[in-house]
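Taken in sequence, the protein lines are chains V and D. Each residue of the first sequence is one higher than the one before, starting from 1 at the first, in the working numbering. Each residue of the second sequence is one higher than the one before, starting from 1 at the first, in the working numbering.
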Amino acid sequence: MTTPWGLALRHIREHWFRNLLTVGAVAVAAFLFCFLVSLIVTLDSQVEESSQNRLVVQSSVSLFVTLPIDYHPKIAEAPGVAEVTKWQWFGGYYQKPENFFAQFGLDPEPFFRMYTDDIAIVAGPEMGTKAKPKEKLITKATDATPERREAVLRAMLAEKRGVLIGKAVAEKFGWRVGDTIPLIGTIFPRADGGSWEFQVIGIFEKRKANVDEQTMFFRFDYLEEALRQKAANGPLGSGTYFVQVARGADPSTVIAGIDALFANGPQRTKTSTEAAFQQSFVSMLGNLPFFLGTIGGAVVFAVFFSVVNAMLISGRQRLRESGILKALGFRDRAIGALIVYESVLLTGGGGVIGVALAFVLAEGLRKVLSNFFPNFIVEPRTMALGLAISLAIGVVAGITPMVQLIRTKPTEALRSVG
Amino acid sequence: MSEFIELRGVSKSYSRGGENLQVLDRLDLDIPRADFVAMMGPSGSGKTTILNVIGGLDRPDAGSVRVADTMVSEISSRTLPGWRARHVGFVFQSFNLVPVLTARENVMLPLLLTPLSRAKRREQAEFALGIVGLTDRMNHRPSQLSGGQEQRVAIARAIATDPDVIVADEPTGDLDRDTANEIMALLTRLNGELGKTIVMVTHDQVAAESAKRILHLDKGVLVESGRRGS
């Protein structure tokens, strides 16, 4: 089948303004599609990459009710528990409330063992501080070594004020290993009205989507000591306990065992897997994924109809030309393929632009959305899907004029006014 | 002279507004090879329909159409376009050039259906444009050409594949007298020098007189009304 493919390009160039609008509409739709789907994927990935073998123990009343700290040894001795750490929300900010980020007080040793596969230590005390330019102080996640991890843990255990901060926090505030960070406590204000002082021991990068790089981990005993000495005010307890299930143990049995321990109080517990815990946060957003999906679908449909309309106009204008081509001996199928090709070129072009835009802006969007979607990422499969949908719109939109061009007899087509 | 184009008992009717319109009724027509026939007649008499069935753009309801050794009326829809591409060149009243292509590209268009390389197609198109005297305008688009030039490009396109038959539907209908004369001179040359069989429909008596034979179609009956030189 011989088809004059070059004609499609000529027509695109000839009606450049109309086609530019079509390409633009598809580009916007592909971008929005990638963006909205990425939001959904981000929410899902936080749940998907959460461990089924890590458990979160919280008060059965509410996440905002703290559990007594003497629960720690009891949970540690429950059957099937390999590791346990306190996990207390601190709620501080740096200099002004807008500079808010997540801080958790925990027990460094079990935490480092539990999160070996989830975080990579990209900067530690062995890398020096002031002598090197700031950008050299953070290495790639692939360069993270067990020795550095061990060195950071040792340094944290040696320094009560020591903290491990996420790469995003380090970059946002320009902090590096050795820096002292003053934070204002909101839940735990200092009795003297001053700020808490922490010292950066290490910087981590996430290896899984369940970890937020805009987080700081500090020693719980630093907080506990201040509260006991009345140097700070606030409830003494742990909002949650994170538990690592022992190898071979059944998580559901461990969950039942922990909750049974505290069935008679003083605080009843509700234990769930880390994945279920993350899912509960997603559920708090209501039916957001459905809402986002609906908007994405509506945008794609609206653009689909506008492309169909544009291609119908294009097909009508091409009717006489199809008669000429038929008279010259081109087959119906070739003439039909030409209009579908043109349609696919337009929507494919728009799709490539939209997807490229999503790819280029992904980092910027991640920063903008960091408070709500800290792990926002536009995945290659999302981009591939966006492009595939753009191409599919092109094919389907081209079919209607294609049928019209094929069905019209050459003598009728030649009589038509283009 | 052997009959090159032969129509036997050709009937054709159209349905317009729920009414059946009999355009051709058991029409017979013989055209020898290298003939130049002009068909005249009132509007709606079926002249263009005859051209369309000869050129394979339309099929008769009944009867047979033979061109050279091919029974055109019996060719399958699948192979008919290929036959048209090889054997028939079309010239239309409104030129019917593709507006987004240059003169040369328009002429190269039917050559895409041949096994020629791009370079050969280009060469062939330029040769055809040379025959119609338009080598200096081949990079111009139809909108940049005069009506006469557009029609000459259309004629170059019609002869580019070296077809046996040229069917011309009112080729001078949109042209002024002088330009019409130029076009008719060109068609006469194609018939005389290249031996192309030309079947032309026209309302223009002057244009018709360039043909070797003039046929009048009235009420479905073809009557020869004149021969050149007679």
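A virtual CB, placed ideally from N, CA and C, is assigned to each residue, including glycine.
Is the Cβ-Cβ distance between residue 273 of chain V and residue 55 of chain V less than 8 Å? Contact flag set, yes.
Residues near residue 387 of chain V in its chain [Cβ-Cβ closer than 8 Å; skip 5 each side]: Excluding residues within five positions, the ones whose Cβ falls inside 8 Å are 30, 348, 351, 352, 355.
So who's on the other strand from residue 169 of chain D, going by DSSP bridges? According to DSSP, residue 169 of chain D bridges with D:201.
Once you ignore the five residues that flank residue 360 of chain V on each side, which residues in its own chain have a CB closer than 8 Å to its CB? Within the same chain, no Cβ atom closer than 8 Å to the Cβ of residue 360 of chain V is found once the five residues on either side in sequence are excluded.
What's the call for residue 266 of chain V, buried or exposed, on a 16-neighbour Cβ count within 10 Å? Exposed is the call here.
Should the region 69 to 79 of chain V be called in touch with the region 26 to 43 of chain V, which here means at least 3 C-beta pairs below 8 Å? Proximity of the region 69 to 79 of chain V to the region 26 to 43 of chain V falls short of the contact definition, fewer than three beta-carbon pairs being nearer than 8 Å.
Note down, in chain order, all residues in the region 399 to 410 of chain V with a beta-carbon under 9 Å from any beta-carbon belonging to chain D. Contacts with chain D (Cβ-Cβ distance below 9 Å) from the region 399 to 410 of chain V involve 409, 410, listed in chain order.
Quick check on this structure: which residue in D:51, D:131, D:59 has the alpha carbon closest to the alpha carbon of residue 39 of chain D? Nearest in C-alpha terms to residue 39 of chain D, of all of D:51, D:131, D:59, is D:51.
At the level of alpha carbons, what is the spacing between residue 225 of chain V and residue 118 of chain V? Just so you know, the alpha carbons of residue 225 of chain V and residue 118 of chain V end up roughly 29 Å apart.
Pick helix, strand or coil for residue 153 of chain D, following the three-state DSSP scheme. Residue state, collapsed to three classes: helix.
Just tell me which of D:11, D:29, D:201 has its CA closest to the CA of residue 22 of chain D. The alpha carbon of residue 22 of chain D has as its nearest neighbour, out of D:11, D:29, D:201, the alpha carbon of D:11.
Just mark residue 384 of chain V as buried or exposed, buried being the case when its beta carbon has 16 or more other beta carbons within 10 Å. Residue 384 of chain V should be labelled exposed.
Any idea if residue 1 of chain D is buried or exposed, counting beta-carbon neighbours within 10 angstroms, 16 or more meaning buried? Low confidence applies here, because residue 1 of chain D scores a pLDDT of 45, under 50, leaving its location unreliable and the question unanswered by this model.
Determine, using beta carbons only, whether residue 262 of chain V and residue 268 of chain V come nearer to each other than 8 Å. Contact: yes.
Sort out for me which residues DSSP pairs residue 77 of chain D with in a bridge. Residue 77 of chain D is not bridged by DSSP to any residue.
State yes or no: is the C-beta of residue 199 of chain V within less than 8 Å of the C-beta of residue 215 of chain V? Cβ atoms of residue 199 of chain V and residue 215 of chain V: not closer than 8 Å.
When DSSP labels each residue in this structure, what does residue 216 of chain D get in the three-state scheme? In this structure, residue 216 of chain D counts as strand in the three-state DSSP scheme.
By alpha-carbon positions, which one of D:25, D:132, D:88 ends up nearest to residue 193 of chain D? Checked all of D:25, D:132, D:88; the closest Cα to residue 193 of chain D is D:132.
Return yes when the Cβ of residue 167 of chain V is within less than 8 Å of the Cβ of residue 111 of chain V, no when it is not. No; because the gap between Cβ atoms is not below 8 Å, this pair is not in contact.
N-terminal and C-terminal residue of the beta strand (DSSP E) that residue 38 of chain D is part of: Residues 36 to 40.
Quick check: is the beta carbon of residue 58 of chain D nearer than 8 Å to any beta carbon in chain V? For residue 58 of chain D, at least one C-beta of chain V is nearer than 8 Å to its own C-beta.
Cα separation between residue 391 of chain V and residue 2 of chain V? Between residue 391 of chain V and residue 2 of chain V, the C-alpha separation is close to 23 Å.
For the beta strand (DSSP E) containing residue 44 of chain D, name the first residue and the last one. Element bounds for residue 44 of chain D: n/a, residue is neither H nor E.
Using beta carbons (cut-off 8 Å, strictly below), is residue 42 of chain V in contact with chain D? Residue 42 of chain V does not count as touching chain D.
So what does residue 93 of chain V bridge to, in DSSP terms? DSSP lists V:100, V:184 as the beta-bridge partner residues of residue 93 of chain V.
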